[in-house]
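**Q**
2 protein chains.
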Amino acid sequence: MEKENRKTQIVDLALQLIREKGYVAISYDDLSKQLGVTKASIHYHFEKKEDLGVAVTERIGQNLESFLSSITKSAMTVEEKLKQYTVRQIAFCGEGICPISSLQSDFLSLPDLMKQKVKELSQFELKILITILTEGHNKDVDQAAEEVEALAYTVLSCIKGALQYKRTLGKDVLPQILNQLNRLVQL
Amino acid sequence: MEKENRKTQIVDLALQLIREKGYVAISYDDLSKQLGVTKASIHYHFEKKEDLGVAVTERIGQNLESFLSSITKSAMTVEEKLKQYTVRQIAFCGEGICPISSLQSDFLSLPDLMKQKVKELSQFELKILITILTEGHNKDVDQAAEEVEALAYTVLSCIKGALQYKRTLGKDVLPQILNQLNRLVQL
DNA sequence: GTCTATACGTAGATAGAC
DNA sequence: GTCTATCTACGTATAGAC
């Protein structure tokens with residue numbers, strides 16, 4: 001198979017497995033068996049596991065970038081953008097949990113470069129939420145920034161939490177939680 | 001060292017390491033080196049890693065039990081109980097993240113018995129929050145149960161999220177998030 | 001209870017043929 | 001690019017001495 005396709009394929013699978021089992025738990029053996037190639041072949045594309053891990057974080061970053069650029073061009077209301085964000089991020093998680101959450105949970109086991117990447121992803125996600133929420137905020141400007149930031153943390157925590165509970169308890173609590181969030185946003 | 005002390009010591013350390021690195025990432029080698037004994041000695045107390053994992057989940061359960069019994073006896077307001085819950089759970093997490101969150105993230109890698117225990121812990125935690133929040137809810141009874149449940153998921157997600165962000169970004173966002181939660185509870 | 005020693009599998013990684 | 005073969009290290013686990 002030509003170079004870029006295989007590389008992309010490996011990153012896609014690694015991303016999926018990170019959502020399912022986490023960075024620490026995935027192995028070149030897992031990847032190679034699921035792709036029908038040998039471990040050595042994966043090592044050709046990503047010499048070290050850290051290299052693959054970094055590629056996955058960059059893939060996650062691209063997803064956030066593409067969402068940000070699509071949302072800034074549109075003329076939706078805050079509520080619509082927030083809904084859009086939620087739907088898209090949930091879809092990006094497939095059957096697993098949020099990959100950023102997964103990497104945060106493994107944080108202390110990650111190589112230094114990946115720690116840095118996970119920090120950046122976390123901040124990027126917050127920045128996107130803050131961008132969305134700032135528009136809808138029409139209170140005193142001094143308090144606004146701090147409140148919007150708090151709200152961004154809350155929204156992200158709730159989305160990630162809903163995915164965790166869905167997997168653990170087999171119950172989709174997202175609609176309920178979104179109702180809570182809408183009440184907060186509308187204040 | 002006598003039997004029960006050592007056993008307790010091992011569970012305590014395992015719990016701490018689960019908060020820091022997760023169940024998958026901890027090893028008998030870690031544990032033995034930090035305790036100054038051999039791996040074989042740990043295996044004497046917990047023959048298989050799963051046995052130790054289950055013991056840790058039971059330890060987490062005891063913490064929840066003890067909180068529940070302390071809170072049901074007291075005559076605090078909903079806000080006070082919620083604050084109390086938060087402070088105590090945050091303290092229980094030490095320098096790491098919530099151990100239940102950590103186990104949820106590793107869910108698909110856990111042995112079956114541990115999966116079951118993590119489910120029970122998740123439900124127990126929800127039950128406690130629902131107990132606390134139901135008292136303060138004075139709306140239409142039909143809607144109350146569903147709303148309180150949604151609020152419970154939200155509160156738990158926010159506490160766990162705050163711990164994740166604290167570790168990843170080195171910033172304590174808990175006070176900000178708690179303000180958001182208080183706004184929700186007071187509606 | 002704790003030790004030494006060891007077995008056995010797996011994980012990350014490399015060398016060299018094709 | 002992918003393979004076979006191999007290496008070293010580590011993880012879980014057990015046997016048997018003290």
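Chains as they are written, first to last, in full-length UniProt numbering: chain A, 1 to 187; chain B, 1 to 187. Don't be surprised by glycine CBs; every beta carbon is placed ideally from N, CA and C.
The ligand SAM and B/C158: does the residue's C-beta get closer than 6 angstroms to at least one heavy atom of that ligand?
**A** This structure does not include the ligand SAM; it has no bound ligands of any sort.
**Q** Could you tell me whether the Cβ atoms of B/V173 and A/Y153 are closer together than 7 angstroms?
**A** Yes, they are a contact pair.
**Q** Please state whether the Cβ-Cβ distance between residue 198 of chain A and A/H43 is less than 7 angstroms.
**A** Outside the shown range of chain A, which is 1 to 187, sits residue 198 of chain A, and nothing can be said about it.
**Q** Compare the Cα-Cα distances from B/I90 to each of B/L133, B/D30, B/V155 and B/Y23 and report the closest residue.
**A** The candidate whose alpha carbon is nearest that of B/I90 is B/V155.
**Q** Buried or exposed, going by whether 16 or more other CB atoms sit within 10 Å of the CB of A/V148?
**A** Buried: at least 16 other Cβ atoms inside 10 Å.
**Q** For B/Q62, count neighbouring Cβ atoms within 10 angstroms of its own Cβ and tell me buried if that reaches 16, exposed if not.
**A** B/Q62 is exposed by the Cβ-count criterion.
**Q** Would you mind telling me which residues of chain B sit closer than 8 angstroms to A/G22, beta carbon to beta carbon, in chain order?
**A** In chain order: G22, V24, S105, D106 and S109.
**Q** Quick one: Cα of residue 188 of chain B to Cα of B/G161, how far?
**A** In the structure as shown, chain B begins at 1 and stops at 187. Residue 188 of chain B is therefore absent and cannot be evaluated.
**Q** Which chain B residues sit within Cβ distance under 7 angstroms of A/Y44?
**A** Under the 7 angstroms cutoff, chain B gives no residues; its nearest Cβ is about 27 angstroms from A/Y44.
**Q** With 9 angstroms as the C-beta to C-beta threshold (strictly closer), list the residues of the region 67-91 of chain B near chain A in chain order.
**A** If the cut-off is 9 angstroms between Cβ atoms, the region 67-91 of chain B has nothing near chain A.
**Q** Would you kindly work out how many angstroms separate the C-alpha atoms of B/L108 and B/L181, rounded to a whole number?
**A** Those two C-alpha atoms are separated by around 30 angstroms.
**Q** Please list, in chain order, the chain B residues whose beta carbon lies closer than 7 angstroms to that of A/V54.
**A** Within chain B, no residue comes near A/V54; the closest Cβ sits about 16 angstroms away, beyond 7 angstroms.
**Q** Could you tell me which chain B residues have their CB closer than 7 angstroms to the CB of residue 191 of chain A, listed as they occur along the chain?
**A** Given that chain A is displayed from residue 1 to residue 187, the structure contains no residue 191 of chain A and the question cannot be resolved.
**Q** In whole angstroms, give me the CA-to-CA distance for B/L64 and A/S122.
**A** Rounded to whole angstroms, B/L64 to A/S122 spans 30 angstroms at the Cα level.
**Q** Contact criterion: CB-CB distance below 7 angstroms. Does A/T168 meet it with respect to chain B?
**A** Yes, A/T168 counts as interfacial toward chain B.
**Q** Name the residue from A/V54, A/R88, A/I130 and A/P175 whose alpha carbon lies nearest to the alpha carbon of A/S70.
**A** Cα-wise, what sits closest to A/S70 is A/R88.
**Q** Does the beta carbon of A/V173 come closer than 7 angstroms to any beta carbon on chain B?
**A** Yes, its Cβ sits closer than 7 angstroms to a Cβ of chain B.
**Q** What residue from A/R6, A/K115, A/L31 and A/A40 has the CA that sits closest to B/L169's CA?
**A** The shortest C-alpha separation from B/L169 is found at A/K115.
**Q** Check the Cβ of A/E149 against every Cβ in chain B and list those closer than 9 angstroms, keeping chain order.
**A** By Cβ distance, chain B contributes V173 and Q176.
**Q** How would you list, in chain order, the residues of chain B whose beta-carbon sits under 9 angstroms from the beta-carbon of A/S97?
**A** Rather than Ser, the amino acid found at residue 97 of chain A in this sequence is Ile. Going along chain B in sequence order, the residues near A/I97 (Cβ under 9 angstroms) are Q104, S105 and F107.
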